[in-house]
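In terms of numbering that gives the first Met the number 0, the sequence shown opens at residue 0 and continues consecutively. Everything below concerns the one structure shown next.
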Amino acid sequence: MLNKRPLIVFTDVDDKYVVLGGNMRLKALKELKYESVPVIVADEWTEEQKHEFLIKDNVGFGEWDWDSLANEWDAEKLDDWGLDIPIFKDDETELKDLSSTIDNLYRIEIVCKDEEHQENTYNKLIEEGYECRLLTL
0 MLNKRPLIVF TDVDDKYVVL GGNMRLKALK ELKYESVPVI VADEWTEEQK HEFLIKDNVG
60 FGEWDWDSLA NEWDAEKLDD WGLDIPIFKD DETELKDLSS TIDNLYRIEI VCKDEEHQEN
120 TYNKLIEEGY ECRLLTL
């Protein structure tokens, strides 16, 4: 499987590999004590090609720092690369007090030692006029 989807790396200024694609696979491989893994070295890629790869490689599963993407990336390119960018409107950031629309429920949970104890307790509470439901968890 790794031969079909090797890690994508580039060499940094300190002559060390930086993983562009496959960080989670690399983490799993380290935990499994792998000593070597196949890689594709992408030193000839431009910065834009690296950015494009990062987005495309993570578009299906990545978690996004939307502030960083909004401020440091070209939105049109992100869209071209397949990233669905949410549209945040200023009025959406206001929090509304919805507490008046919530009905308060007050409940008591009684833990019974067995089914017979549950039935007896239920019957007593029903006789006293309480609304009850039998639950077995």
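C-beta atoms are modelled at their ideal positions from N, C-alpha and C, and glycine is treated no differently. Quick caveat, the model's predicted, so the values are computed rather than measured.
Between K15, L19, E34, L97, which has its C-alpha nearest W44's C-alpha? For W44, the closest alpha carbon among the candidates K15, L19, E34, L97 is that of L19.
So, with DSSP's three-state summary, where would you put L25? Here L25 sits in helix by DSSP.
May I ask you to list the residues that DSSP assigns as paired with I39? DSSP output for I39 lists I7 as bridge partner(s).
With distances taken between CB atoms, is the gap from V8 to V58 smaller than 7 Å? Result no, Cβ atoms of V8 and V58 do not sit closer than 7 Å.
Once the 5 residues before and after G21 are set aside, which same chain residues still bring their CB inside 7 Å of it? Excluding residues within five positions, the ones whose Cβ falls inside 7 Å are L6, I7.
Please go through the same chain and pick out, in chain order, the residues whose beta-carbon is closer than 7 Å to the beta-carbon of Q117, but skip the five residues on each side of it. Short of 7 Å from the beta carbon of Q117, and not among the five residues preceding or following it, lie these beta carbons of its own chain, in chain order: C111, L133.
Distance check for N70 and R106, CA to CA, integer angstroms please. Take the alpha-carbon of R106 and the one of N70: they are about 48 Å apart.
Quick one, are the C-beta atoms of I125 and L82 less than 7 Å apart? No.
According to DSSP, is L77 helix, strand or coil? If DSSP states are grouped into helix, strand and coil, L77 belongs with the helices.
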